[in-house]
Amino acid sequence: MAERLVKRPISHRLSTIVVKYLGKDACAVLSCFACLLAPIIAGVGLGFTSPTIDTMSNTVISPTTGQHIPIGSSSNLYVFHSSAISSFFSAVFTLGALVGSLAGNQLCFALGACVVYAIGMGTRTGADSSDPAATSTTFCDWRALSYYCMIPSGLLFFAMFLSPETPRWLATRGRLDEAKNSLVAVRGLPIDDKQLAAEVKVLADVSASRSGENGSNNMPFKDRLKLLFSCKRQCIIACAVHSFAQFIGLNALAFYQTSFFQLAGLSNADLMSLTVQLVTAVSNLVACFLVDRLGRRPLLLWSGLGMAVGQFLLGLFFYLDRDGTATNLSWLPVLACYIVQITMATGVGPIRWMLSAELFPDEVRGLASSMATTVNWLSAFILIECLTPAVNGTSLQAVFWFFSCVGVALAVFVWFFVPETKGKTLEEIQKIFARSSTH
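The opening position of the sequence shown corresponds to residue 1 in the UniProt record's numbering, with each subsequent residue numbered one higher.
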């Protein structure tokens, strides 16, 4: 649907009015704002789950006894966000090697999560729990928090009217003039600017090769599926990296981080969770500069091994504290979470979304992003559903050590199967897989 649907006429008219009365520079600024707002709001949705998921469950872990306690609600809430659309949109909005700089999607996720962590600290409540250990710092008022999260969602609705269609999408439909105008509006540069010359040439080539009777705009959905599944190696890479990222415990930490800190005996668990998210945001900012300089493979290897170390240290703490005698090591889980989040934010966090948009031909890129996102959140669902039974059936340290083993497995997978795409255009990336399929 992301590939087939086009903007409604009202969106086109509104964008035309903005260009006419405010100029191309204003249109460029507003377009960037609209593009960045989507992943920021996605981060708000992701952050919403962390301070509220315990409140929405029928039982939670007591911070003092470690026992499961009732809080009066019988349903579970899992918030999924539009990562497929925002990642896909960002990847195709610019051309060639410039796509790497848009790893900032993950930065926006982290910033949105930080906002909700901060709001969650201000909406803490006892949540009507019958447990005497429940205090005003145990849970948050998830209803109030959800109302706050409606505000940026409303802003996104109106901001998307200011967002132009992507140049590449227009070019693949043979609408080259509109593609050029879209590129000019986004960059805020004249059409004859040297910086745009190479990109306009690529757009012309794409338009010439894609438009026509057999172009991607006329390809039936069944043929798109056939083409998608003919890209077996790309499908395996995109889905495996997303699945590995979840089973390393990425979202398990995001959802239950405050609870883990409470179990570790930290008196300011909320505040420490917020600092971890702030460090994550800074690390994502660093990743925006590193991903096109160091490449995808080195950062994925660093991320897998680094997260393995962090999860191992978390397991080590809870192993040493199994009798409640490791209070002098309460700094260790904080350090471990910093390690996990920093290595995640500078590697698998942003790169997994980039890979699912980079590796596939234009005709199936939307389907591929949707497939990878489905695998990502299905893996997250399975992990979160199995987390409590796994902890009860084994131990908390055993679960963290499992996460550590998955991190090592991710590094091994990347070493043998993931090609380097740094500095390559989308067309050059396809040639890599075309060559590998002939051997």
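Ideal Cβ positions, reconstructed from N, Cα and C, are used throughout, including at glycine.
Three-way DSSP call (helix, strand, coil) for residue i in this model
i: Arg-124; result: strand
i: Leu-266; result: coil
i: Pro-164; result: coil
i: Ser-379; result: helix
i: Asp-292; result: helix
i: Asp-192; result: coil
i: Leu-359; result: coil
i: Asp-323; result: coil
i: Lys-431; result: helix
i: Ser-330; result: coil
i: Arg-352; result: helix
i: Gly-174; result: coil
Cα-Cα separation, residue i to residue j
i: Ala-269; j: Pro-333; result: 11 angstroms
i: Leu-263; j: Leu-378; result: 28 angstroms
i: Ile-339; j: Ala-179; result: 43 angstroms
i: Ala-281; j: Phe-109; result: 8 angstroms
i: Cys-235; j: Gln-195; result: 33 angstroms
i: Phe-157; j: Trp-401; result: 42 angstroms
i: Thr-388; j: Val-399; result: 10 angstroms
i: Leu-383; j: Ile-191; result: 49 angstroms
i: Gln-397; j: Arg-322; result: 9 angstroms
i: Val-200; j: Cys-114; result: 38 angstroms
i: Ser-283; j: Cys-337; result: 13 angstroms
i: residue 449; j: Glu-427; result: Nothing about residue 449 can be read from this structure; the chain reaches only from 1 to 439.
i: Met-121; j: Ser-395; result: 29 angstroms
i: Gln-277; j: Thr-258; result: 11 angstroms
i: Ile-53; j: Glu-385; result: In this prediction, Ile-53 scores a pLDDT of 35, lower than 50, which makes its location untrustworthy; the coordinate-derived value is nonetheless stated afterwards. Taking the straight line from one Cα to the other gives about 12 angstroms.
i: residue 506; j: Ser-153; result: Since the first residue of the chain shown is 1 and the last is 439, residue 506 is not available in this structure.
i: Ala-198; j: Leu-183; result: 12 angstroms
i: residue 441; j: Pro-164; result: Since the first and last residues shown for the chain are 1 and 439, residue 441 lies out of range.
Cβ of residue i within 7 angstroms of any chain D Cβ
i: Leu-111; result: Absent from the structure: chain D. Only one protein chain is present.
Proximity to residue i [Cα-Cα], best of the options
i: Leu-145; options: Arg-187, Cys-231, Val-116 and Val-406; result: Val-116
i: Ser-273; options: Phe-109, Gly-112, Gln-430 and Ala-118; result: Ala-118
i: Ile-432; options: Arg-233, Ile-384 and Gly-310; result: Arg-233
i: Gln-311; options: Phe-158, Leu-253, Pro-167 and Met-150; result: Leu-253
i: Val-202; options: Ala-434, Leu-111 and Thr-425; result: Thr-425
i: His-242; options: Ala-368, Glu-428 and Cys-337; result: Ala-368
i: Ala-390; options: Phe-247, Val-276 and Lys-422; result: Phe-247
i: Ala-185; options: Thr-166, Thr-172, Met-150 and Arg-224; result: Thr-166
i: Trp-416; options: Phe-221, Ala-240 and Gly-324; result: Per the sequence shown, the amino acid found at residue 416 is Phe instead of Trp. Checked all of Phe-221, Ala-240 and Gly-324; the closest Cα to Phe-416 is Ala-240.
i: Leu-143; options: Asp-205, Leu-155 and Thr-123; result: First, the amino acid is wrong: residue 143 is Arg here, not Leu. Checked all of Asp-205, Leu-155 and Thr-123; the closest Cα to Arg-143 is Thr-123.
Residue i and residue j closer than 7 angstroms at C-beta
i: Gly-174; j: Phe-403; result: no
i: Arg-297; j: Val-375; result: no
i: Val-279; j: Gln-341; result: yes
i: Val-348; j: Leu-294; result: no
i: residue 447; j: Gly-265; result: An answer regarding residue 447 cannot be provided, because it is not within the stretch 1 to 439 covered by the chain.
i: Ala-380; j: Ala-238; result: no
i: Ala-287; j: Thr-343; result: no
i: Met-318; j: Leu-329; result: The residue you asked about is not Met; residue 318 is Phe in the sequence shown. Going by C-beta atoms, Phe-318 is not nearer than 7 angstroms to Leu-329.
The region 353 to 363 contacting the region 218 to 231, beta-carbon criterion three pairs below 8 angstroms:
yes
Cβ contact (3+ pairs, closer than 8 angstroms) linking the region 406 to 421 and the region 291 to 310:
yes
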